[in-house]
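One structure below.
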Amino acid sequence: MRNIGRLVIVIVSLLLFVGIALADHHAVKINEKEGVGRYLTDAEGMTIYWFMQDTPGKSVCAGPCSAKWPPYYREIVAAPAGILADEFVNMTRADGAKQTTFRGYPLYYRAGDKTAGDTGGQGLNDVWFVINPDTFPPQ
753 MRNIGRLVIV
763 IVSLLLFVGI
773 ALADHHAVKI
783 NEKEGVGRYL
793 TDAEGMTIYW
803 FMQDTPGKSV
813 CAGPCSAKWP
823 PYYREIVAAP
833 AGILADEFVN
843 MTRADGAKQT
853 TFRGYPLYYR
863 AGDKTAGDTG
873 GQGLNDVWFV
883 INPDTFPPQ
C-alpha cells in the first residue's frame, strides 16, 4: 500500500513539473542589458522585436523579410509581472500564418540572433527594435 502511495506522489509531482514547464514555454519575460535597457524575450531568453513599418494588427514583413524576421507566435502567452495578459493578442497574417502582437503590434524574432540575450536587431536599419514594455509603443 505504501508503494502505491509513493507512486501516486511521484506521478502527481511529474504532472506538476510538466505543467509548469509547459506554462513557462508560453511565458514572455523581461530582460535588461546595458546599452539596450529593458526588453521582452521569450521563455528561453530569445529577444522579441517589433518593426516600425508595421501598424497595429498588420504585418508588412513578408516573403524574404519574414525569413530574416520570423514571426513570434504562441497560442497563449503568460505575461510577465506588470503586464496584462490581454496585451498579447494573436492575429492572422496576409500569408495565413498566425502571429502574436503586443499592444497591437506584430512581434518577431531575428534569425541572426543565435543565443539567449542576443540583441543584434536592435536599431537595425532604424526600423527594427527591441520592445521596452515601459515605453511601448513609442509616441
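Heads up: the sequence shown is residues 753 to 891, going by the working numbering.
A virtual CB, placed ideally from N, CA and C, is assigned to each residue, including glycine.
Please work out which residues of its chain come closer than 7 Å, Cβ to Cβ, to residue i, disregarding the five sequence neighbours upstream and downstream, and give them in chain order.
i, result
"Y857", "W802, D806, P808 and P889"
"A846", "A814"
"R855", "E839, F888 and P889"
"A775", "Low confidence applies to A775: its pLDDT is 44, below 50, so where it sits in the model is not reliable enough to give any reading."
"P832", "V780, K781 and I782"
"E796", "A868"
"N884", "G789, R790 and Y791"
"R826", "H778 and T852"
Kindly indicate the opening and closing residues of the alpha helix (DSSP H) around residue i.
i, result
"K820", "P816 to K820"
For residue i, count neighbouring C-beta atoms within 10 Å of its own C-beta (all shown protein chains included) and say buried if the count is 16 or more, exposed if not.
i, result
"Q891", "exposed"
"T867", "exposed"
"I763", "Any reading at I763 is ruled out, since the residue's pLDDT is 45, under 50, leaving its predicted position unreliable."
"I828", "exposed"
"G848", "exposed"
"L836", "exposed"
"G873", "buried"
Go through its chain and collect everything with a Cβ distance to residue i's Cβ below 8 Å, but skip five positions before and after it.
i, result
"P822", "Y860, Y861 and A863"
"D878", "M804"
Going by CA-CA distance only, name the one from the options that's closest to residue i.
i, options, result
"E786", "D870, W880 and L876", "D870"
"D794", "A779, G875 and W880", "A779"
"G875", "N783, V788, T844 and E796", "V788"
"F881", "I800, E796 and E784", "I800"
"V812", "T844, D886 and P885", "T844"
"Y824", "M798, N884 and D886", "M798"
"D865", "P885, D886, K820 and I883", "K820"
Please work out which residues of its chain come closer than 6 Å, Cβ to Cβ, to residue i, disregarding the five sequence neighbours upstream and downstream, and give them in chain order.
i, result
"N842", "K850 and T852"
Tell me the residue span of the beta strand (DSSP E) that contains residue i.
i, result
"F888", "Premise fails: F888 is in no beta strand (DSSP E) and is neither H nor E."
Between residue i and chain B, is the shortest Cβ-Cβ distance under 8 Å, so that the two count as touching?
i, result
"G789", "Given the protein chain composition of this structure (a single chain), no chain B is represented."
(request) Report the residue ranges of all alpha helix (DSSP H) runs contained in full by the segment 780–864; include only those spanning at least 4 residues, in chain order. (result) If we require 4 residues or more, the alpha helix (DSSP H) runs fully inside the segment 780–864 come out as 816–820.
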